[in-house]
Each structure stands twice: as structure tokens, then as C-alpha cells.
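Q: Have a look at this one.
Number of protein chains: 2
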Amino acid sequence: MGSEVSTGNGRKARGRDDRRQAILDGAFALFARRGYAQTCVQEVAQEAGVAKPTVYNHLHDKESLYREAVESAADRVGARCVAIVEQLREVATDGDPRAGLGVPIRRLSRAYHDEEAFAVRQLAIAEAGRFPDLAASVRERTTLRIRSALADRLARLALAGRLRPCDPELAAEHLLALLTGPLEYRPDADPATIADAAVEVFLRAYGSDHA
Amino acid sequence: MGSEVSTGNGRKARGRDDRRQAILDGAFALFARRGYAQTCVQEVAQEAGVAKPTVYNHLHDKESLYREAVESAADRVGARCVAIVEQLREVATDGDPRAGLGVPIRRLSRAYHDEEAFAVRQLAIAEAGRFPDLAASVRERTTLRIRSALADRLARLALAGRLRPCDPELAAEHLLALLTGPLEYRPDADPATIADAAVEVFLRAYGSDHA
DNA sequence: ATTAGACTGAACCCATGGGTTCAGAAGTGT
DNA sequence: ACACTTCTGAACCCATGGGTTCAGTCTAAT
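So the protein lines, in turn, are chains R and H. Counting with the numbering used here, you get residues -19 to 191 for the letters of the first sequence. Counting with the numbering used here, you get residues -19 to 191 for the letters of the second sequence.
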């Protein structure tokens, strides 16, 4: 991660952006573990291996530290999930749609419910009262982005006759709901079995009749 | 709400439990609006029309104030939703299951997504890191309780031949997911159309074939 | 009338933590 | 050698707010 550019500080010779990202990552980890109010900037600095004034040198105050940390993590989660959804392209256009959907959806379920994704949603909701735009921004970068990519794939499946004609956005919403709902803050459940049941139900509702 | 028992204080002659409940209700309203850390006990006292030491007279500290306020509201939400689900008894055993499910599920959707229900979930998730048992308790009092009642009704429908044979718990989970997912922090959407689409998809997946 | 219990209001103590300041150190470019 | 930049670490200021104390008040019960 550290581009080997020397920067003039007495430490690890990371680029400024790397240093900034290290601060954001440490902040996200701490916020996720302790919450906004219970995390002090001092700890963030320590976690990132940096002095407190350095944090304020990169981020204006605690609030923007929170915003940028959460948004940065949301981008990671969104990108990961979208990449998985887009793999649905090659695999699902031939053979049984159940088998075609099953594997990527399982992977999506895991990615959508891993530690980081859960923390992102939690942090966005937790401070939705004070930072409503942050909640909207996170939703944009994760849920909506993923849903949009999924709708795109589903529309293609519908065109190929694998799904009955439907509103792809709504169908994507329903499939994501079937994946998300049962896991609502229960990391002990197995994402794979959840995913399989979701695909089963989804295809019974949305699959074309010649199955 | 005020049982007319005089209590010895200079005020409204409410029973002790009423006073306690007033504190919890005011606390819940403020916590929902501002969040845990941003709400000070002084404000809670003011909102409840009470002095600060009185709050500490009824609740041991801010933490238990939060816990009891949220749990109390969760009980209200759970009871309201369960009552609606149980009305599904009389209406859905005759006629088209689509029509039979539609009305109560719409009402459930509204109840499940009203202001208080949303606030309860938000507050539980927001402090899940610090009060994990509170999150579990809220889940118990709302989601699990409602799901259980719904599974009971669905099992009955399956026995009556209105649904194909299925695991009622899983079916209830899926129906609730279809109701909840699309609304994930979007109060602007209409619960009724969400509910209709959910029932539509649910019945296509779970309805018996002679529809 | 007196006692007992709950409430008030205001002051108070004190820990926490956001944000700043500053002197000095370390490295870079010229 | 020089200035420039960035970071450090520690001290510092100060607002917030949890929790307590206490003297005084009101009402009900005896």
C-alpha cells in the first residue's frame, strides 16, 4: 500500500495520500468498533501511527473525518459487490438459471454481509439523525449502485428469456431484500444457505415458466 | 393514560408508573431525534416535565434510561404489528389468498415502517456496539415476535391449501424481507405499493398452484 | 400537627475530549 | 548551508455533560 515516496517526515516515507488513507482506515476501524461519540481523535491518530495534529492537518474536524472514513469504506464495499454482480454476465446466460444465479449470488451474499459492509451500514444509520446526507451518500455508494448493476444483469436475463418479463429495478430490489432481510444483524447465520433460499424463492417468482 | 392516583408530589397527581413512563417516552423521543450521545439527561428531564434528580430517582443512569426507553417503545411496536398479523386469521381463510393477504399486509407494512418502528430499529442498531444485548432484546421484541406470529398464520394458510407446503418460519422471513428491504431508510416510498408488490411476489413463490 | 416520601432547582465536582499552539526534529530541494 | 515543509509530542484551553448533593417545598397519610 505504501508508495515509496519520501515525504519529509521522520517516519515511514509514505506518500501524503497513503498517510491520509491510513488515517481514514484507522478511523473507520475505530468508529466501527466503538461508535462516533466513543471514539476520540487521539485514538484515531494512535491507530494510524500518527500524531493528533497530523489528523487535523489532513481532515478539518472530527465530523469530516467520520464522513470521509465511512464514505471511503462504502466505496470499497460497493465496488466489491458490483464486481461480483457483473460476473453474473458470462455465467448465467447458458444452462439452468438456478445454477447460473446460485454461485454469484452466494458470493454477493457473503460480500454484502461481511464485516466491513455491515459496519458501513451501521455507521451510516447510527448517525443518520445528525448526518442525513451521509446516510444518503452511503446508500448511493452501496445499495443503489449494487441494485442498479443487478437490475442491469436481470434485464439481460429477461431479454434472454431466462426470466419472465418484469421491472428489473423492482426485481433487483426484491432479490436484494431476500438476501438482506434474513441476515439483519445476525452474523451467525450462514450467508450461503440464505443465498440459496433467496435464489430459490426469487426464481419461483421471477423465473420463466419453462424451467 | 394518567391513573388518577395522587402521589404526594406538587404536580399533576400521576401515579409513579405514569411518571416513569413519561420519562421513558420523553427520553425515547429525544434519543430518536438526536441520538444517544447528543441527548443529555437535562433535556430528557425537561421533555418529561421533571427535574433532573427525578430522572435519576427512577432510572439508575443514562444507560439504563436508554435501554428501558428503547425496549418500552419496542414492545409497543411489536404489540401493534402482532395484533395486525393476528387479524390475518379470519380474513384469509376464504376467497383469493391475494385479496386475503393484501389488506393486512398493507397495514403491517405501514405499522412496520412508521416513525416509531423506524426509530426503534435505528436506536438499537446505532448502539449495537456498546449495548449488544439491547440490539438482541429489541430484535426479540419486534422482528422475531412478529415473524413468529406471521409464521403461525402462514402455517395455517398452508394447511388450508392456500399456500404450497413450506417451512413457515422461512416463508415468514421472506415475506418480511420483501416488505422491509425496499424501504431501508426511505420514508418517502409508499408502504402500500411496496406491500402489494411484496404480496404479489410472495404468492407467486409460495402460493398454491390452483390460483 | 407531624411525619414521611417524592419532587424541585440550583449549585457543584470532575472526567472526557475537541481543537489549538508551539518548540523542535527530520527530511527535501537548491 | 539554507530555507521550506511536514510531522511530533506535549501542553494547553475550554465547553459539555454525567452524576451528586442539599436545602427547601408540596402532598398524603396518620
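Ideal Cβ positions, reconstructed from N, Cα and C, are used throughout, including at glycine. In this text the structure is predicted, and so the values were computed from the model without any measurement.
Any idea which residues DSSP pairs Gly187(R) with across the strands?
A: Leu143(R)
Q: Gly141(H) and Ser89(H) - do their beta-carbons sit closer together than 8 Å?
A: no
Q: At a CB-CB cut-off below 9 Å, which residues of chain R make contact with Thr160(H)?
A: Ala157, Thr160, Gly161, Glu164
Q: Can you find the residues in the same chain that come closer than 7 Å, C-beta to C-beta, to Pro133(R), ignoring five residues on each side of it along the sequence?
A: Position check: residue 133(R) holds Arg in this sequence, whereas Pro was assumed. Correct list, in chain order: Val65, Leu68, Arg69.
Q: Are the segment 94 to 106 of chain H and the segment 35 to 53 of chain H touching, with three or more C-beta to C-beta distances below 8 Å?
A: yes
Q: Hey, is the segment 122 to 132 of chain H in contact with the segment 23 to 33 of chain H, meaning 3+ C-beta pairs nearer than 8 Å?
A: no
Q: Which chain H residues are close to Val181(R), counting only those with a beta carbon under 7 Å from its beta carbon?
A: His154, Ala185
Q: Let's see if you can read the secondary structure: which residues bound the alpha helix (DSSP H) around Phe98(R)?
A: Segment 95 to 106, the alpha helix (DSSP H) holding Phe98(R).
Q: Taking only beta-carbon atoms, is Glu107(R) less than 8 Å away from chain H?
A: The beta carbon of Glu107(R) falls within 8 Å of a beta carbon belonging to chain H, placing the residue at that interface.
Q: Quick one: is Thr173(R) buried, meaning 16 or more other Cβ sit within 10 Å of its Cβ, or exposed?
A: exposed
Q: What would DSSP say about Cys61(H), mapped onto helix, strand or coil?
A: Secondary structure of Cys61(H) (DSSP, three-state): helix.
Q: The alpha helix (DSSP H) with Tyr226(H) in it runs from where to where?
A: Since the first residue shown for chain H is -19 and the last is 191, residue 226(H) is missing from the structure and cannot be characterised.
Q: Given Gly58(H), which residues of its chain have a CB within under 8 Å of its CB, disregarding the five upstream and five downstream residues?
A: Arg121, Thr122, Arg125, Ile126.
Q: Does the beta carbon of Arg13(R) come closer than 8 Å to any beta carbon on chain H?
A: yes
Q: Please list, in chain order, all residues of the same chain as Ala91(R) whose beta carbon is under 8 Å from its beta carbon, the five residues on each side excluded.
A: Around Ala91(R): Val57, Arg60, Cys61, Ile64, Ala97.
Q: DSSP state of Thr19(R), grouped into three classes?
A: coil
Q: Compare the C-beta of Ala177(H) against all C-beta atoms of chain R and say whether one is closer than 8 Å.
A: For Ala177(H), the nearest CB of chain R lies under 8 Å from its own CB, placing it at the interface with that chain.
Q: Quick check: what's the CA-CA separation for Ser128(H) versus Ala106(H)?
A: 25 Å
Q: In or out: Val181(H) buried (at least 16 other Cβ within 10 Å) or exposed?
A: buried
Q: Can you tell me whether Leu139(H) is buried or exposed, with buried defined as 16 or more other CB within 10 angstroms of its CB?
A: exposed
Q: Output yes if chain H places a C-beta closer than 8 Å to the C-beta of Arg87(R); else output no.
A: no
Q: Kindly indicate which three-state DSSP category Asp(-3)(H) falls into: helix, strand or coil?
A: helix
Q: Mind checking the segment 102 to 127 of chain H against chain R and listing, in chain order, the residues whose C-beta falls within less than 8 Å of any C-beta there?
A: Gln102, Ile105, Ala106, Glu107, Ala108, Gly109, Arg110, Ala115, Arg119, Thr123
Q: Thinking just about the alpha-carbon of each residue, which of Ala157(R), Ala169(R), Ala178(R), Gln18(R) is nearest to the one in Ala164(H)?
A: A quick correction: the sequence has Glu, not Ala, at residue 164(H). Selected option, being the one with the closest Cα: Ala157(R).
Q: Are Gly15(R) and Gly80(H) close, meaning C-beta to C-beta below 8 Å?
A: No, the Cβ-Cβ distance between Gly15(R) and Gly80(H) is not below 8 Å.
Q: So Leu150(H) contacts chain R; which residues on that side make the cut at Cβ distance below 7 Å?
A: Here the neighbours are Ala177.
Q: Could you check what DSSP says for Glu153(R) in three-state terms: helix, strand or coil?
A: helix
Q: Is Arg110(H) helix, strand or coil by DSSP?
A: coil
Q: Here's the rule I'm using: 16 or more other beta-carbon atoms within 10 Å means buried, otherwise exposed. How should Gln102(H) be labelled?
A: With 16 or more neighbouring CB atoms inside 10 Å of its own CB, Gln102(H) falls in the buried class.
Q: Can you give me the C-alpha to C-alpha distance between Ala169(R) and Arg(-4)(H), rounded to a whole angstrom?
A: Taking the straight line from one Cα to the other gives about 43 Å.
Q: Between the alpha carbons of Glu48(H) and Tyr186(R), how many angstroms are there, rounded?
A: 43 Å
Q: Anything in chain H within Cβ reach of Ala17(R), meaning under 9 Å, just list it in chain order.
A: Gly15, Tyr16, Ala17, Gln18
Q: Kindly indicate which three-state DSSP category Gln26(R) falls into: helix, strand or coil?
A: helix
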